[in-house]
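Below you'll find the structure, written out as structure tokens, and then a few comments.
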Amino acid sequence: MKELQYLNKYFVKYKYRFLFGIITTIIAQIFMLFTPKLISKSLNAIEDYMKSTQVVDTSFVKTELLHNILFIIATTIIAGILTFLMRQTLIVMSRHVEFDLKNEVFRQYENLSQNFYKQNRTGDLMNRISEDVGKVRMYVGPAVMYSINTFIRFAIVIVYMYNVSPTLTLYTLLPLPFLSYTIFKLSTEINKRSTAFQQNLSKLSTFSQEVFSGIRVIKAYSLENQYQNNMIDLSEESKQKSMNLAIVNSFFGPLMIALIGVSNLVVIYFGGMMYINGSIASIGIIAEFILYVNMLTWPVASLGWVSSMVQEAEASQKRINEFLKIQPDIKNNSKEHSVIQGAIAFNNVSFTYEDTNIQALKDISFTINKGETLAILGKTGSGKSSILSLISRLYDVTDGSITIDGKEISQQHLFDLRDSIGVVPQDAFLFSDSIKNNIKFGKEDATEEEVIEAAKMAVVHNNIINFNMQYETILGERGITLSGGQKQRVSIARAIIKDPAILLLDDSLSAVDTETEEAILNNLLEFCKNKTTIIVTHRVSSAKNADKIIILDDGKIIQQGSHNQLVNQEGYYKELYIKQLSEKEMI
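For reference, each letter of the sequence shown is one residue, going 1 to 587 in the UniProt record's numbering.
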């Protein structure tokens, strides 16, 4: 139960619902206990009538029986209404807790850094926020409700039984120690098997998610049969673990029913012996005890189910707690809001990726004033994208410092910083939504005119209006409906409509032709006049109009200057310029 203690804060939050549920449960149990007493009273009346040696008016017995029946009906209806209120209160409370916990998990997912997502798989994360939270809800709702119901019913019923006959009560409760030990042993095994099942379910979810995301590649390589066989193997493993768990769970029901049956036999035998030797006064007491034992049938039988739910919830909450307790690497260190102007300075910055231990940047220094454009060129893996990740503060520097508007970047308000940045990644990510909403992602309250204007600046408007649904066209997963160049241009439009102070373009024109590239760059020249712009590119045509250009190689700056300066000195930039110029002339 140690892991489930994390949920206590939710019981405190919904304490009034919780207390109301407990109160209605107590009252409902009291009303339910009228029935055995009234039946005992009725049987005693009949017994007294049958034993009487005098002539007794039968109408008196009939009247008492009628009163008892009506009272039983009334108390049963009241108990039923109160039980309904109990269920509504506690089960609805569990839904509130499920809602809160899912939101807490989602917020944690949003706060966790890039390293976390490199080390964890999407399917496993999805399983924790869905299956695991669902298991926890079953603990907060049904498990807690039936536990309260069982405890209160046991407490009240045993008191009633003891008041009637302490000796017969002791005989009735003899099977309980064996029951408790059995539940303990089975619960331990359920916990172990439930954990194994949930872990395997995460593997299955991860595999399915990766297959669905990469279905085009699988089809292209004609690997459907191989992946089908892999899916069968994983499903078979999952089925086996589920069956192992089900086998243990299946012991609970029959075991509980058997123990209740034994208790009934004990009541009948020992109660009969005590009635014969005069230890109990009437046959009605035996009937009353049988009803009490049967009233405990479902609560006792539910102990197995409840124990199973608690153990499964314990295993699931442990998996949730594993990452809820993780502290994000990137934290907001400032409560002071500020308006970002866009002056950026790298001061002897070095950066090493923690998960791979690869040093991406080595002693990098440069400055960009507000409104200037910087182009970054270099070979693949030279550290270009790492610079953009540091400016967005997706990572923190290993050595050196970065300042924005003269202030250390880690001391800038994190959300103000990111809100002031528009990022266009090389691998443009679009949501399974309309094209319009994908563009409005940069500015949710944008008008239709603003959306169209941004699309025109990104030179994608003419493509969009040729679709049947135009801007209302729903894209497939990750924007699969569009071509690579169209996805990049929609992503550029999304950044443009945000109107950021800092615009970061990470090789975002790699999938468009040179004519379209030229048109977009001309539009961006006007748009970026008062913005700080950083363009990562492999093309000289994208870099030539920048105020500054730096060339990276193996994480170091090997050249820097303007286009005119670099094209007139020997080195990487001049070689690239000549090569691309000759390729253009050949075309």
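Even glycine gets a Cβ: it sits at the ideal position worked out from N, Cα and C.
For clarity, every value in this text was computed on a predicted model and none was experimentally measured.
DSSP, reduced to helix, strand and coil, places GLU408 within a strand of the structure shown.
Secondary structure at THR373: strand, using DSSP grouped into helix, strand and coil. A residue is called buried once 16 or more other Cβ atoms fall within 10 Å of its Cβ, and GLN317 is buried on that count. Only residues of its own chain outside the window of five on either side were considered, and among them ASP363, ILE364, SER365, ASP399, GLY400, SER401 have a CB closer than 8 Å to the CB of ASN348, listed in chain order.
Going by DSSP, LEU361 is part of the beta strand (DSSP E) stretching over 359–368. The C-alpha of ASP355 lies about 14 Å from the C-alpha of LEU394. Per the Cβ contact rule, the region 304–313 is in contact with the region 132–147 (3 or more Cβ pairs under 8 Å). Residue environment analysis places PRO36 among the buried positions, since at least 16 neighbouring C-beta atoms fall within 10 angstroms of its C-beta. Annotation: SER113 is outside any alpha helix (DSSP H) and is labelled neither H nor E by DSSP. VAL267 and PRO175 do not touch by the CB rule: their CB atoms are close to 11 Å apart, not below 8 Å. Rounded to the nearest angstrom, the Cβ distance from GLU288 to SER59 is 25 Å, too far for a contact under 8 Å. Three or more Cβ pairs closer than 8 Å define a contact, and the region 413–427 meets that threshold against the region 331–341. Relative to SER386, the option among LEU4, LEU361, PRO254, LEU234 whose CA is nearest is LEU361.
Per DSSP, the beta-bridge partners of ALA345 are THR367, THR403. Beta-bridge annotation (DSSP): GLN560 is paired with ILE550. LYS531 is classed as buried because its beta carbon has at least 16 other beta carbons within 10 Å across all chains shown. With fewer than 16 neighbouring CB atoms inside 10 Å of its own CB, ILE326 falls in the exposed class. Contact annotation: THR24 and THR76 have beta-carbon atoms that are not nearer than 8 Å. According to the DSSP assignment, ASP427 belongs to no beta strand (DSSP E), since it is labelled neither H nor E. Here ALA28 has ALA79, LEU82, THR83, MET86 as same chain residues with Cβ atoms under 7 Å from its own Cβ, once five neighbours each way along the sequence are excluded. The straight-line gap separating the alpha-carbon atoms of LYS579 and THR537 is approximately 15 Å. The C-beta distance from LEU201 to ASN127 rounds to 6 Å, short enough to fall under 8 Å. The C-alpha of MET457 lies about 57 Å from the C-alpha of MET309. Residue state for SER282 is assigned as coil, using DSSP reduced to three classes. Inter-residue distance for HIS337 and LYS498 is about 19 Å (C-alpha atoms, whole angstroms).
For a cut-off of 8 Å, the C-beta gap from ALA501 to GLY342 is around 4 Å, short enough to register as a contact.
LEU504 places its beta carbon less than 8 Å from that of ILE421. For ASP419, the enclosing alpha helix (DSSP H) has its first and last residue at 414–419. Where ILE391 is concerned, the enclosing alpha helix (DSSP H) starts and stops at 384–391. DSSP, read as helix, strand or coil, puts GLY378 in strand.
For ILE158, the enclosing alpha helix (DSSP H) stretches over residues 144–164. By the C-beta criterion, the region 190–197 is judged not to be in contact with the region 106–114, since fewer than 3 inter-stretch pairs fall below 8 Å.
Counting the other Cβ atoms within 10 Å of the Cβ of ASP506 gives 16 or more, which makes it buried.
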